[in-house]
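J.:
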Amino acid sequence: MAEIMGMVTTSHVPSIGNAIAKNVHHNEYWAPFFNGFDPIHAWLKDHRPDVVVVFYNDHGLNFFLDTMPTFSVGAANEYTNEDEGWGIPTLPSFKGDAGLSWKIIEGLVQREFDITSCQKMKVDHAFTLPLKLLWPDEASCPVITIPICINTVQFPLPSASRCYQLGKAVGEIIQSMDSDLKFLILGTGGLSHQLDGKRAGFINKKFDQTFMQSMITHPAWATQFTNHELVEEVGTQGIELIMWLAARAALGGHVKTIASTYHVPISNTAGGIMLLEHVD
Ligand code: DHB
Ligand code: FE
18 MAEIMGMVTT SHVPSIGNAI AKNVHHNEYW APFFNGFDPI HAWLKDHRPD VVVVFYNDHG
78 LNFFLDTMPT FSVGAANEYT NEDEGWGIPT LPSFKGDAGL SWKIIEGLVQ REFDITSCQK
138 MKVDHAFTLP LKLLWPDEAS CPVITIPICI NTVQFPLPSA SRCYQLGKAV GEIIQSMDSD
198 LKFLILGTGG LSHQLDGKRA GFINKKFDQT FMQSMITHPA WATQFTNHEL VEEVGTQGIE
258 LIMWLAARAA LGGHVKTIAS TYHVPISNTA GGIMLLEHVD
């Protein structure tokens, strides 16, 4: 049976790409965030996942406002990155496995999730940078990737509760696979931030920290909130934390905390990082 080994969740601020490119990620500003990955690198060396399922939100590279699927799953053997205008280096293509993706897509549709399948999919900073953070020394990402994109760009957005259900279904599908593959779940986005409007720069440390704690002890805690309540609590872009919910639901069951870091700010965002390991 396929195994889900753990879950990593992290913020995906574009300037992470600049910090890496300019080799300033160990300076005073960036080190508190980047150092959060040290225990994760050690864990990855020991655990060596074969496949990473990435819950993330596209910000206009693959989908624009004219066509906005709520949930979409990549079904390609390769995913390309392109210049998004942030001034960060474009990363090499990411390996996919169309056959494996289709198993997930089929399982989701059987479980009544009406998802969009993408045999071509460009991946943006929300996908590329977290993978670069996991494998910083590799020229290209060494594992197979499966992108699962959740709309947080244009209302209406799926509810936190629905994202949790999506993640749970993905976890069940993986665990029912007759395969020796080892999976890591990655959820990217958040934590609190708002990039525009009157509340630009808004951060809610108290909510973020309660949310991070809930990932360990009450994973469905944040599903009690509507999207408008979440936007109130964590800002218009902080709603990206629904990726963490999907990832945590995919992991399921009991967990051991391997890494947990919270640092404010990186760019305009509260930087949160977690690695939870699956325990039976
Ligand atoms: C920032 C954060 C994001 O999540 C994003 O997608 C773009 C920018 C920021 O804090 O600058
Ligand atoms: Fe974002």
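Residues in the sequence shown are numbered from 18 upward in steps of one, following this note's numbering.
Positions of the beta carbon are idealized from the N, C-alpha and C atoms, including for glycine.
(1) Buried or exposed, going by whether 16 or more other CB atoms sit within 10 Å of the CB of residue 182?
(2) Using only the alpha-carbon positions, how far apart do residue 275 and residue 269 sit?
(3) In the stretch 52-135, which residue ranges form an unbroken beta strand (DSSP E) of at least 3 residues, counting only runs that do not cross its ends?
(4) Straight-line CA distance for residue 37 to residue 52?
(5) Can you tell me whether residue 172 is buried or exposed? The criterion is at least 16 other CB atoms within 10 Å of its CB, across all chains shown.
(6) Where the beta carbon is closer than 7 Å to any heavy atom of the ligand FE, which residues qualify, in chain order?
(7) Look at the alpha carbon of residue 252 and the alpha carbon of residue 61, and state the distance between them as a whole number of angstroms.
(8) DSSP state of residue 23, grouped into three classes?
(9) Could you pull the start and end residues of the alpha helix (DSSP H) that residue 295 belongs to?
(10) Pull up the distance between the alpha-carbon of residue 292 and that of residue 233, whole angstroms please.
(11) In the DSSP assignment, find the beta strand (DSSP E) that holds residue 277 and state where it starts and stops.
(12) Could you spell out where the alpha helix (DSSP H) holding residue 145 opens and where it closes?
(13) For the structure I just gave you, are there three or more beta carbon pairs, one from the stretch 77-84 and one from the stretch 216-229, closer than 8 Å?
(14) With a CB to CB cut of under 7 Å and the five nearest residues on each side skipped, what residues in its chain are close to residue 151?
(15) Which same chain residues, not among the five before or five after residue 49, have their C-beta less than 7 Å away from its C-beta?
(16) Could you give the C-beta distance for residue 212 and residue 254, rounded to a whole number, given that I count them as a contact under 8 Å?
(17) Please confirm whether any heavy atom of the ligand DHB lies closer than 7 Å to the CB of residue 212.
T.: With the given structure in hand:
(1) By 1-based counting over the sequence shown, the position of residue 182 is 165. When all chains shown are included, residue 182 counts as buried.
(2) Position 258 of the sequence shown, counted from the first residue, corresponds to residue 275. Position 252 of the sequence shown, counted from the first residue, corresponds to residue 269. C-alpha of residue 275 to C-alpha of residue 269: approximately 16 Å in a straight line.
(3) If we require 3 residues or more, the beta strand (DSSP E) runs fully inside the stretch 52-135 come out as 68-73, 88-91 and 133-135.
(4) Numbered from its first residue, the sequence shown carries residue 37 at position 20. Numbered from its first residue, the sequence shown carries residue 52 at position 35. A direct Cα-to-Cα measurement between residue 37 and residue 52 gives close to 13 Å.
(5) In the sequence shown, counting from the first residue as 1, residue 172 sits at position 155. Label assigned to residue 172: exposed.
(6) Residue selection by CB proximity (closer than 7 Å to any heavy atom of the ligand FE) returns 29, 74, 76, 143, 206, 254 and 257 in chain order.
(7) In the sequence shown, residue 252 corresponds to position 235, counting from 1. In the sequence shown, residue 61 corresponds to position 44, counting from 1. For residue 252 and residue 61, the gap between their C-alpha atoms comes out near 32 Å.
(8) Your numbering for residue 23 matches position 6 in the sequence shown. The answer is strand: DSSP assigns residue 23 an E or B state.
(9) The residue given as residue 295 occupies position 278 in the sequence shown. Taken as a continuous stretch (DSSP letters only), residue 295 belongs to no alpha helix (DSSP H), being part of the beta strand (DSSP E) at 286-296.
(10) Residue 292 sits at position 275 when you count from the first residue of the sequence shown. Residue 233 sits at position 216 when you count from the first residue of the sequence shown. Across the structure, residue 292 and residue 233 are spaced so that their CA atoms are roughly 10 Å apart.
(11) Locating residue 277 in the sequence shown gives position 260, counting from the first residue. For residue 277, the enclosing beta strand (DSSP E) begins and ends at 271-283.
(12) Taking the first residue of the sequence shown as 1, we reach residue 145 at position 128. Counting along the chain, the unbroken alpha helix (DSSP H) around residue 145 starts and ends at 142-151.
(13) Cβ pair count under 8 Å is below three, so no.
(14) On the sequence shown, residue 151 is found 134 positions in, with the first residue counted as 1. Excluding positions up to five away in sequence, the list reads 25, 57 and 61.
(15) Residue 49 sits at position 32 when you count from the first residue of the sequence shown. So the list reads 280, once near-sequence residues are dropped.
(16) For the purposes of this step, residue 212 is taken as residue 195 along the sequence shown, with counting starting at 1. For the purposes of this step, residue 254 is taken as residue 237 along the sequence shown, with counting starting at 1. With 8 Å as the limit, residue 212 and residue 254 qualify as a contact, their Cβ atoms being about 5 Å apart.
(17) Counting from 1 along the sequence shown, the entry for residue 212 is found at position 195. Using a cutoff of 7 Å, the CB of residue 212 counts as near the ligand DHB, since one of the ligand's heavy atoms is closer than that.
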